[in-house]
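Enquirer: Next up is a structure, given as structure tokens.
Residue numbers (this note's numbering): 392 to 926.
The structure is reproduced here in structure tokens:
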């Protein structure tokens, strides 16, 4: 069967020879120096993949065979999640957050089953599971903990199909493009897989190829899910307080961006520019002339995973310093740049031999408006300064909760109780992931939710916290950030930050305390003129 499939691919290649680029042109492309790529890329060459029909579902449904396949897919999805849906909605008010209770153990087991079903259903549901792993306002904490283990590792698709996609995208034969192209991928994920290859120039590269028909498959699955959500919306008591449709819309938008590899190229260039003055950070060079919506060719980077503690130590790198560097990059990304890598798992990071931290895979990024950055800096400052009153105001402004004025006084003691629990600990012992789960408990008394535009922030920080605690048990994101907290107030303009600065110089009765003014002035002097407390 596999041999027949390979022969069919080869047959399609032979019938498409008229579209293959002339050998001289291919040689010019594959041996070009980086400085020549722009000129060659504009020389009447456009690498645009075949267009996908606008209404993919209508296109698929027009074929009775695919329609039957879709119907069976719908049944499989329904049967896979019916038990979990009934269980969650029927017992939503009784979810248990205490550890090691019988109910918690049962929910952990159910969460593990859900994780396995998501893996079995394929790319769309792997990505959905990873998104849900950040939504402590939608699922019980035990499910969240299980879904947090969901890895984007799936069996690879056949290499002959990958080669066919590359040749179709670049309109040239593999042998003309590369001196060497490995037979097996070095990594396979839900949307694509990566091969090691060598250009005709001798440059070692990583070639990321998108899975065949992935756009149609994901669009069909999303449409099925949208129809299910619309049916559930007919029963408001069943999904009260849960923004499933908003979550699905956010997911659809982000996964389509992630599937556009040309957008990933642009994201990488933005990230590179943001860190061009940081000698400790490296972004692999991308070869635009070999990159299309379904294909990326970039510099292959040798290095160690940030979680390989023993190997890092043997290579002379200090694991705690590596994690602190990673944390500092995220302070810059979130609070200075407003543009951040949203998927910093160990597979997307490497420690190079010279100690530089390399970032890969910029398909999933987050963006923050100037106003959102200012509000986030304010919330960040109140967390590290342990200012409950200020943090509650930030939560309301950021959309984590909508409260009537009379309910604010009821809400603040709940947050104060959470802070009292953590105030008894040293800052380095505070676990951001557990704090996020504890905050989610207020959903049962107040309309608490994680705004859709914060999903990526939560995901990134939770992943960062997981890496940190694995590499250095004493690591805490906020402990690393604390020395820089006030400095961020000088980096952005905005009403919230002006109010925050004014708050720092007033006493309990609202009067100006000149001692605090002098202290703030000295801090500003250190920040602007001496460069202290800068990232």
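C-beta atoms are modelled at their ideal positions from N, C-alpha and C, and glycine is treated no differently.
Taking only three categories from DSSP, how would you classify residue 736?
Expert: coil
Enquirer: Helix, strand or coil: which one does DSSP assign to residue 698?
Expert: coil
Enquirer: Alpha carbon to alpha carbon, how far is residue 645 from residue 733? Give it in angstroms, no decimals.
Expert: 11 Å
Enquirer: Cα-Cα, which of 752, 708, 759, 711 is closest to residue 728?
Expert: 759
Enquirer: Pairing CB atoms from the segment 736-745 with CB atoms from the segment 706-717, are three or more of them under 8 Å?
Expert: yes
Enquirer: Rounded to the nearest angstrom, what separates residue 620 and residue 469 at their Cα positions?
Expert: The alpha-carbon separation between residue 620 and residue 469 amounts to approximately 12 Å.
Enquirer: Would DSSP call residue 690 helix, strand or coil?
Expert: strand
Enquirer: In whole angstroms, what is the alpha-carbon distance linking residue 570 and residue 549?
Expert: 21 Å
Enquirer: Report all residues from its chain with a CB closer than 8 Å to the CB of residue 517; omit the five preceding and five following residues, and keep chain order.
Expert: 509, 510, 541, 543, 545, 581
Enquirer: Compute the Euclidean distance between the alpha carbons of residue 588 and residue 764, then round it to the nearest angstrom.
Expert: 40 Å
Enquirer: Between which two residues does the alpha helix (DSSP H) carrying residue 875 extend?
Expert: Where residue 875 is concerned, there is no enclosing alpha helix (DSSP H), given that its DSSP letter is neither H nor E.
Enquirer: Taking the Cβ atom as the reference point for each residue, do residue 846 and residue 606 lie within a distance shorter than 8 Å?
Expert: no
Enquirer: Against chain B, does residue 780 count as a neighbour if the rule is that its beta carbon must be under 8 Å from one of theirs?
Expert: The chain inventory of the structure shown lacks chain B, comprising one protein chain alone.
Enquirer: Taking DSSP as the reference, what is the three-state secondary structure of residue 541?
Expert: coil
Enquirer: Which class does residue 791 belong to by DSSP, given the choice of helix, strand or coil?
Expert: Reduced to three states, the DSSP call for residue 791 is coil.
Enquirer: What would DSSP say about residue 564, mapped onto helix, strand or coil?
Expert: coil
Enquirer: Quick one: residues in its chain with C-beta nearer than 6 Å to the C-beta of residue 718, no 5 flanking neighbours on either side, listed in chain order?
Expert: Contacts found: 868, 871.
Enquirer: Less than 8 Å between the beta carbons of residue 789 and residue 726, yes or no?
Expert: no
Enquirer: Looking only at C-alpha atoms, which of 771, 777, 861 sits nearest to residue 879?
Expert: 771
Enquirer: When you compare each of 471, 701, 875 to residue 512 by their alpha carbons, which one comes out closest?
Expert: 471
Enquirer: Between residue 565 and the rest of its own chain, which residues show a CB-CB distance below 8 Å, the 5 nearest in sequence each way excluded?
Expert: 554, 557, 558, 572
Enquirer: What does the alpha-carbon distance come out to for the pair residue 592 and residue 568?
Expert: 10 Å
Enquirer: In chain order, what residues of the same chain lie with their CB nearer than 7 Å to the CB of residue 810, ignoring the 5 residues before and after it?
Expert: 777, 779
Enquirer: Skipping 5 residues on each side, what residues in its chain have a beta carbon closer than 6 Å to that of residue 443?
Expert: Residue placement at residue 443 is poorly supported in this model, since its pLDDT is 39, which falls under 50; the coordinates are not used for a value here.
Enquirer: Who are the Cβ neighbours of residue 673 in its own chain at under 6 Å, not counting the five residues just before and after it?
Expert: Taken in chain order, the residues that qualify are 747, 749.
Enquirer: Could you work out which residue in 723, 649, 586 is closest to residue 669 when comparing CA atoms only?
Expert: The residue with the shortest Cα to Cα distance from residue 669 is 723.
Enquirer: Under a three-way DSSP split, which group does residue 614 fall into?
Expert: helix
Enquirer: Helix, strand or coil: how does DSSP classify residue 571 here?
Expert: strand
Enquirer: Apart from the five residues on each side of it in sequence, which residues of its chain come closer than 6 Å, Cβ to Cβ, to residue 547?
Expert: 576, 579, 584
Enquirer: According to DSSP, is residue 746 helix, strand or coil?
Expert: Looking at residue 746 - three-state DSSP - the assignment turns out to be coil, as it is neither helix nor strand.
Enquirer: Would you tell me roughly how many angstroms separate the C-alpha atoms of residue 682 and residue 475, rounded to the nearest one?
Expert: 41 Å
Enquirer: Roughly how far, in whole angstroms, is the beta-carbon of residue 679 from the beta-carbon of residue 689, given that I think they are within contact range, below 8 Å?
Expert: The pair is not a contact, with the Cβ atoms about 10 Å apart (cut-off 8 Å).
Enquirer: Can you give the beta carbon distance from residue 715 to residue 601, rounded, assuming they're within the 8 Å contact cut?
Expert: In fact, because the Cβ distance is near 35 Å, the residues do not count as touching under 8 Å.
Enquirer: Just list the residues that DSSP pairs residue 741 with in beta bridges.
Expert: Residue pairing for residue 741: DSSP places it in a beta bridge opposite 749.
Enquirer: Is residue 421 helix, strand or coil by DSSP?
Expert: Low per-residue confidence applies at residue 421: pLDDT is 41, beneath 50, and the placement is therefore not dependable enough to give any value.
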